[in-house]
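J.: One structure coming up, written as structure tokens, with questions to follow.
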Amino acid sequence: MKIGTMRLGLLALLFAIPAVAQETAPPATDDDAPLEVDIVGGISEPMPIAVPVMPTPAATPTAQGDTVSLGRQVAEIVSNDLRSSGLFTPVGPGGLPAVSFAQVTAPDLATWRPMNAQALVQGFVRAEGDGDLTIGCYLYDVSAGTELTRQGFTVAPANWRRAAHKCADAIYARLTGETAYFDTRLVYVAETGPKAKRVKRIAVMDSDGSNHRFLTTGQSTVLTPRFSPRGGQLVYMTYADKLPRVYVLDLASGRQRPLVAAQNMTFAARYSPDGRNILFSMAVAGNTDIYRVSAEGGQPQRLTNAPGIDTGGSYAPDGTRIVFESDRGGSQQLYVMGGDGANQRRISFGGAAYATPVWSPRGDVIAFTRIGGGRFRIGTMTPAGAGEKLLTESWQDEGPSWAPNGRVIMFHRTAQGSGKADLWSVDLTGVNERRIPTPLDGSDPSWSPLLD
Amino acid sequence: MDRADGAGLGAAMAGHVALFGALSLGLAAAIPPKPVPPPSMEVEFVEEIALQSATAQPSPQEQAAAVAPEIGRVDEAMPAPAPLPEPLPAPPPAKTIMPEKPAPAKAVAAKVKPETAKAKPLAKAKTEALPTAKSTKPEKTAARAPRIGKDFLAGLSDPSPVTADTPAAAVMSAVALADIQAAIKRQIQPCADRQVNPGPGASRITVKLNLRLNRDGSLASAPRVVSASGVDDENSRYEKRVADLAIAAYKGCAPLKGLPDDLYRTAKGGWSNVNMNYKLPG
Numbered sequence: 001m002k003i004g005t006m007r008l009g010l011l012a013l014l015f016a017i018p019a020v021a022q023e024t025a026p027p028a029t030d031d032d033a034p035l036e037v038d039i040v041g042g043i044s045e046p047m048p049i050a051v052p053v054m055p056t057p058a059a060t061p062t063a064q065g066d067t068v069s070l071g072r073q074v075a076e077i078v079s080n081d082l083r084s085s086g087l088f089t090p091v092g093p094g095g096l097p098a099v100s101f102a103q104v105t106a107p108d109l110a111t112w113r114p115m116n117a118q119a120l121v122q123g124f125v126r127a128e129g130d131g132d133l134t135i136g137c138y139l140y141d142v143s144a145g146t147e148l149t150r151q152g153f154t155v156a157p158a159n160w161r162r163a164a165h166k167c168a169d170a171i172y173a174r175l176t177g178e179t180a181y182f183d184t185r186l187v188y189v190a191e192t193g194p195k196a197k198r199v200k201r202i203a204v205m206d207s208d209g210s211n212h213r214f215l216t217t218g219q220s221t222v223l224t225p226r227f228s229p230r231g232g233q234l235v236y237m238t239y240a241d242k243l244p245r246v247y248v249l250d251l252a253s254g255r256q257r258p259l260v261a262a263q264n265m266t267f268a269a270r271y272s273p274d275g276r277n278i279l280f281s282m283a284v285a286g287n288t289d290i291y292r293v294s295a296e297g298g299q300p301q302r303l304t305n306a307p308g309i310d311t312g313g314s315y316a317p318d319g320t321r322i323v324f325e326s327d328r329g330g331s332q333q334l335y336v337m338g339g340d341g342a343n344q345r346r347i348s349f350g351g352a353a354y355a356t357p358v359w360s361p362r363g364d365v366i367a368f369t370r371i372g373g374g375r376f377r378i379g380t381m382t383p384a385g386a387g388e389k390l391l392t393e394s395w396q397d398e399g400p401s402w403a404p405n406g407r408v409i410m411f412h413r414t415a416q417g418s419g420k421a422d423l424w425s426v427d428l429t430g431v432n433e434r435r436i437p438t439p440l441d442g443s444d445p446s447w448s449p450l451l452d
Numbered sequence: 453m454d455r456a457d458g459a460g461l462g463a464a465m466a467g468h469v470a471l472f473g474a475l476s477l478g479l480a481a482a483i484p485p486k487p488v489p490p491p492s493m494e495v496e497f498v499e500e501i502a503l504q505s506a507t508a509q510p511s512p513q514e515q516a517a518a519v520a521p522e523i524g525r526v527d528e529a530m531p532a533p534a535p536l537p538e539p540l541p542a543p544p545p546a547k548t549i550m551p552e553k554p555a556p557a558k559a560v561a562a563k564v565k566p567e568t569a570k571a572k573p574l575a576k577a578k579t580e581a582l583p584t585a586k587s588t589k590p591e592k593t594a595a596r597a598p599r600i601g602k603d604f605l606a607g608l609s610d611p612s613p614v615t616a617d618t619p620a621a622a623v624m625s626a627v628a629l630a631d632i633q634a635a636i637k638r639q640i641q642p643c644a645d646r647q648v649n650p651g652p653g654a655s656r657i658t659v660k661l662n663l664r665l666n667r668d669g670s671l672a673s674a675p676r677v678v679s680a681s682g683v684d685d686e687n688s689r690y691e692k693r694v695a696d697l698a699i700a701a702y703k704g705c706a707p708l709k710g711l712p713d714d715l716y717r718t719a720k721g722g723w724s725n726v727n728m729n730y731k732l733p734g
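Here it is in structure tokens:
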């Protein structure tokens, strides 16, 4: 009898253990094959994201306004940046409930779920004792209830806008998987005056159009400004010497110098990805070829020697290859060659002319202007010339320039008739075409690298 | 034309007619009949059917009712040692269903089978797992007790709390599996449909998410990314994001509701352990 009872007790124990384990957490036994469920779902639409005003722990006056108003403006910049990518439909900061400082790190997601926002950006603006500003930036997945990223930026008050762009960059990068591009600058040719007598000046501005300023006076026409890979210098072409020549401009000091000493026509300059060299075209004795010169100056080295015009050289991101345009075959077409000029071969065969090739910073595609059927359109193809895809449909779109993440292309669009030009951007997928606001008409845009 | 000619002509004609007939028949046989399009068949997805175990699972009420109150002879029951002022309140039916003889056990099975088959015809194959083991245990004293309660006129249903055990081994059949998959899919789909494609090529990625669930449908632990397939040079930057989307799709529509409790865990798996393979459309 006793044994029987004991056995019963043991049995109970044996059963009790799995029962308890089951209640707390199902044991992850390996032989327990999971039940497979396939779910396919999603949309290709901008993501709704809420960006409420960023609170401050204590309202403090700064040189750029008090921290309360800065909190609103930072949220506005983040919201505008995200909207400009075309991948988000931000809500706020206007019209959203106020967020307390304590809620920044502990969001009340129940408030946000009914608003249908998938993601929530919260943050704060705090004045530090030494006069700096700290801008905190938090991203939450509303439905999953998880924090996706957080970043803090301590900046001098004058740089508060950059901190806001950095916040937008962090959110963009986390939600898209791309590297970011909001904390960048754009350089372009600002155009004023009538069509026959245009004044063209190089202007630089933040990616959202703020901090706009001119770099040249407008006394001589300028074209094709291009940022150096670190963003500290520009190369551009100017008619200052009556002869078109490429100049190098140092942004910090404002000093400029001719790229090469020779009194030849030089144009279409572009930095190598490592910033050490500059590719450019030079016309010598009636033949235009592509040359390479050290960014510090020195003796240029000729890379092409075919009769005709070889121009528009652009390095692959690893620097081992160069894409360029040439009319050696009768019409403008794209060619690829090694970094030393070897193995030149044509890659464009689309039954039209192709110009202004630019290698993507990702390396996978080359953007170009396709000229055919009375229209100029922006497109991409692989470095082997396959997969040609046209991204724009307008009358005259030309001069592509890549965003540093290789996802967005900026170009300029000239209106039929008036000749009025402005800057546009388009996503690599051909959607999200949008005008980039500039105070003046603009052409020849170039994107800076992501700023440090 | 002489007679021989006539006979020859007649024979030739007859031969030709015969040949023509033979060839026609052969030809008719050789020509394949025009394929008749099969009658169109209406197909409906099974998402609306209720989730049930494949095991025939008689409700305890039915079990109790199946052993009709006439079991046990009243005359035997009357001289029970304890004075019974009134007809006994119904004893625990799991024990009372069995009389001394095992025969009624068969009656239980016989009675139960048609009913469950009616409720779920697709589950026929699995009815052998009937819970007869326990119920065949005879119980002496209770069997003698009168089974006629004061409510016997109300019918077969036994109002007393029924403690019959649920069937020990629920079986995950293909149908039950499809039901559970459809139920999970139906619940998660609206949240999956809200996830935003991060960029070109992301739809080639499939993320396998392992979900450990409690019996109430809630998550027992955080979803775990088991693997991601379809990742290549172009879309690798989106891998982490697609994993995010998979988790958000699940959590947004969690916890799971209405899954059959008996299929929470079976010998052939259950919904306690689910792999959700999430992919963007395209």
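Protein chains in written order, with the working numbering: chain A, 1 to 452; chain B, 453 to 734.
We put the CB at the ideal spot given by N, CA and C, even for glycine.
For clarity, every value in this text was computed on a predicted model and none was experimentally measured.
What's the C-alpha gap between R375 (chain A) and D685 (chain B)?
T.: As a working note, residue 375 (chain A) is residue 375 in the first sequence. As a working note, residue 685 (chain B) is residue 233 in the second sequence. So the two alpha carbons sit approximately 33 Å from each other.
J.: So, for A672 (chain B): in the same chain, excluding its five sequence neighbours on each side, which residues have a beta-carbon less than 7 Å away from its beta-carbon?
T.: The residue given as residue 672 (chain B) occupies position 220 in the second sequence. Counting only Cβ-Cβ distances below 7 Å, and skipping sequence neighbours, we find R664, L665, N666.
J.: Check distances from the C-beta atoms of the region 627–661 of chain B to those of chain A and list, in chain order, the residues that come in under 8 Å.
T.: Flagged, chain order: L629, I632, Q633, I636, K637, I640, Q641, C643, A644, D645, R646, Q647, V648, N649, P650, G651, P652, A654, S655.
J.: Hey, is P733 (chain B)'s beta-carbon within less than 8 Å of any beta-carbon in chain A?
T.: Within the second sequence, residue 733 (chain B) is the residue found at index 281, counting from 1. Taking Cβ atoms only, chain A reaches closer than 8 Å to P733 (chain B), which makes this a yes.
J.: Counting C-beta neighbours from all protein chains within 10 Å, is the total for E398 (chain A) 16 or more, i.e. buried, or is it exposed?
T.: Within the first sequence, the letter at position 398 stands for residue 398 (chain A). It counts as buried.
J.: Compare the C-alpha of P733 (chain B) against each of B:L715, B:A700, B:A634, B:V648 and name the closest.
T.: In the second sequence, counting from the first residue as 1, residue 733 (chain B) sits at position 281. When only C-alpha atoms are compared, the closest one is B:V648.
J.: Does any residue of chain A bring its CB to less than 8 Å from the CB of A623 (chain B)?
T.: Taking the first residue of the second sequence as position 1, residue 623 (chain B) is located at position 171. With the sequence shown as reference, residue 623 (chain B) is identified as Val, and Ala is not the correct amino acid for it. Closer than 8 Å: no.
J.: Strictly by DSSP, which residues pair up with Q301 (chain A)?
T.: Here the question's residue 301 (chain A) lines up with position 301 in the first sequence. DSSP output for Q301 (chain A) lists A:R292 as bridge partner(s).
J.: If the criterion is Cβ atoms closer than 8 Å, does the pair P445 (chain A) and L428 (chain A) meet it?
T.: Looking up residue 445 (chain A) in the first sequence gives position 445. Looking up residue 428 (chain A) in the first sequence gives position 428. Going by C-beta atoms, P445 (chain A) is not nearer than 8 Å to L428 (chain A).
J.: How close, in whole Å, do the beta carbons of R693 (chain B) and P650 (chain B) come, if the pair is a contact with beta carbons under 8 Å?
T.: On the second sequence, residue 693 (chain B) is found 241 positions in, with the first residue counted as 1. On the second sequence, residue 650 (chain B) is found 198 positions in, with the first residue counted as 1. About 5 Å; that satisfies the 8 Å criterion.
J.: Would you mind stating whether I77 (chain A) and H212 (chain A) have Cβ atoms separated by less than 8 Å?
T.: In the first sequence, counting from the first residue as 1, residue 77 (chain A) sits at position 77. In the first sequence, counting from the first residue as 1, residue 212 (chain A) sits at position 212. Not closer than 8 Å, so no.
J.: Skipping 5 residues on each side, what residues in its chain have a beta carbon closer than 6 Å to that of S679 (chain B)?
T.: Locating residue 679 (chain B) in the second sequence gives position 227, where the first residue counts as 1. Counting only Cβ-Cβ distances below 6 Å, and skipping sequence neighbours, we find K660.
J.: Please say whether R185 (chain A) and M205 (chain A) have beta carbons closer to each other than 8 Å?
T.: Here the question's residue 205 (chain A) lines up with position 205 in the first sequence. Here the question's residue 185 (chain A) lines up with position 185 in the first sequence. Cβ distance < 8 Å, so M205 (chain A) and R185 (chain A) count as in contact.
J.: Does DSSP classify Y247 (chain A) as helix, strand or coil?
T.: Reading the first sequence from its first residue, position 247 is the one you call residue 247 (chain A). Of the three classes helix, strand and coil, the one that applies to Y247 (chain A) here is strand, per DSSP.
J.: Find the residues of chain A that neighbour L697 (chain B), judging by a C-beta separation of less than 8 Å, and give them in chain order.
T.: If you number the second sequence from 1, residue 697 (chain B) lands on position 245. Within chain A, the residues near L697 (chain B) are G42.
J.: Around the Cβ of A110 (chain A), are there at least 16 other Cβ atoms within 10 angstroms (buried) or fewer (exposed)?
T.: Along the first sequence, read from residue 1 onward, the residue named residue 110 (chain A) stands at position 110. Exposed, because fewer than 16 other Cβ atoms sit within 10 Å of the Cβ of A110 (chain A).
J.: Can you name the residues of chain A whose CB is closer than 9 Å to the CB of V677 (chain B)?
T.: For the purposes of this step, residue 677 (chain B) is taken as the residue at position 225 of the second sequence. Simply none; closest approach about 13 Å.
J.: Provide the residue span of the alpha helix (DSSP H) that contains Q233 (chain A), from first to last.
T.: Counted from its first residue, the first sequence places residue 233 (chain A) at position 233. From DSSP, Q233 (chain A) is part of no alpha helix (DSSP H) but of the beta strand (DSSP E) over 233–238.
J.: With 16 other CB atoms within 10 Å as the buried threshold, where does T438 (chain A) fall?
T.: As a position in the first sequence, residue 438 (chain A) is number 438, starting the count at 1. Buried, because 16 or more other Cβ atoms sit within 10 Å of the Cβ of T438 (chain A).
J.: What separation, rounded to the nearest whole angstrom, lies between the Cα atoms of G297 (chain A) and Q263 (chain A)?
T.: Indexing the first sequence from 1 puts residue 297 (chain A) at position 297. Indexing the first sequence from 1 puts residue 263 (chain A) at position 263. In a straight line, the C-alpha of G297 (chain A) is about 15 Å away from that of Q263 (chain A).
J.: Between which two residues does the alpha helix (DSSP H) holding T67 (chain A) run?
T.: Working through the first sequence from its first residue, we reach residue 67 (chain A) at position 67. T67 (chain A) -> alpha helix (DSSP H) spans 67–84.
J.: Return the CA-CA distance between A63 (chain A) and A156 (chain A), expressed in angstroms with no decimal places.
T.: Residue 63 (chain A) sits at position 63 when you count from the first residue of the first sequence. Residue 156 (chain A) sits at position 156 when you count from the first residue of the first sequence. Distance between the alpha carbons of A63 (chain A) and A156 (chain A): 10 Å.
J.: Quick check: N729 (chain B) and I278 (chain A), are their CB atoms within less than 8 Å of each other?
T.: In the second sequence, counting from the first residue as 1, residue 729 (chain B) sits at position 277. In the first sequence, counting from the first residue as 1, residue 278 (chain A) sits at position 278. No, Cβ-Cβ distance for N729 (chain B) and I278 (chain A) is not below 8 Å.
J.: Less than 8 Å between the beta carbons of V246 (chain A) and V222 (chain A), yes or no?
T.: As a working note, residue 246 (chain A) is residue 246 in the first sequence. As a working note, residue 222 (chain A) is residue 222 in the first sequence. No. Outside cutoff.
J.: For a contact meaning CB atoms closer than 7 Å, what does A680 (chain B) contact in chain A?
T.: As a position in the second sequence, residue 680 (chain B) is number 228, starting the count at 1. Near A680 (chain B) there are no residues of chain A at all, since even the closest Cβ is about 12 Å away, more than 7 Å.
J.: Report the residue from A:D441, A:A261, A:W160 whose alpha carbon sits nearest the alpha carbon of C137 (chain A).
T.: As a working note, residue 137 (chain A) is residue 137 in the first sequence. Comparing Cα-Cα distances from C137 (chain A) to each of A:D441, A:A261, A:W160, the minimum goes to A:W160.
J.: Beta-carbon within less than 7 Å of N80 (chain A)'s beta-carbon, same chain only, minus the 5 sequence neighbours each way: which residues are those?
T.: Locating residue 80 (chain A) in the first sequence gives position 80, counting from the first residue. For N80 (chain A), where only same-chain residues beyond five positions count, the Cβ hits under 7 Å are D208.
J.: Can you find the residues in the same chain that come closer than 7 Å, C-beta to C-beta, to N343 (chain A), ignoring five residues on each side of it along the sequence?
T.: Looking up residue 343 (chain A) in the first sequence gives position 343. Closer than 7 Å at the Cβ level, and outside the excluded window around N343 (chain A), lie M337.
J.: Taking C-alpha atoms, which residue in A:V323, A:G129, A:G339 lies nearest to Q332 (chain A)?
T.: Residue mapping note: residue 332 (chain A) aligns to position 332 of the first sequence, counting from 1. Of the candidates A:V323, A:G129, A:G339, the one whose C-alpha sits nearest the C-alpha of Q332 (chain A) is A:V323.
J.: Which residues in chain A sit within 8 Å of K692 (chain B), going by Cβ to Cβ distance?
T.: Numbered from its first residue, the second sequence carries residue 692 (chain B) at position 240. What K692 (chain B) touches in chain A: G177.
J.: Which residues in the same chain have their Cβ closer than 8 Å to the Cβ of G372 (chain A), if we skip the five residues on either side of it in sequence?
T.: Here residue 372 (chain A) is taken as the residue at index 372 of the first sequence, counted from 1. Correct list, in chain order: G350, G351, A352, A353.
J.: State yes or no: is the C-beta of P107 (chain A) within less than 8 Å of the C-beta of L96 (chain A)?
T.: Taking the first sequence and counting its residues from 1, one reaches residue 107 (chain A) at position 107. Taking the first sequence and counting its residues from 1, one reaches residue 96 (chain A) at position 96. The answer is no: Cβ separation not under 8 Å.
J.: So G86 (chain A) and N432 (chain A) are supposed to be a Cβ contact under 8 Å. How far apart are they, rounded?
T.: Here residue 86 (chain A) corresponds to residue number 86 of the first sequence, with the count starting at 1. Here residue 432 (chain A) corresponds to residue number 432 of the first sequence, with the count starting at 1. At roughly 3 Å, the Cβ-Cβ gap stays under 8 Å, so G86 (chain A) and N432 (chain A) are in contact.
J.: Shortest alpha-carbon distance to T238 (chain A) belongs to which of A:I171, A:F267, A:G417, A:G152?
T.: Numbered from 1 along the first sequence, position 238 holds the residue referred to as residue 238 (chain A). Comparing Cα positions, the closest option is A:F267.
J.: Is it a yes or a no for the region 308–325 of chain A touching the region 275–292 of chain A, going by three-plus beta-carbon pairs under 8 Å?
T.: Flag = yes, the region 308–325 of chain A and the region 275–292 of chain A touch.
J.: Mapping the DSSP letters down to three states, classify Q633 (chain B) as helix, strand or coil.
T.: Position 181 of the second sequence, counted from the start, is the residue given in the question as residue 633 (chain B). Of the three classes helix, strand and coil, the one that applies to Q633 (chain B) here is helix, per DSSP.
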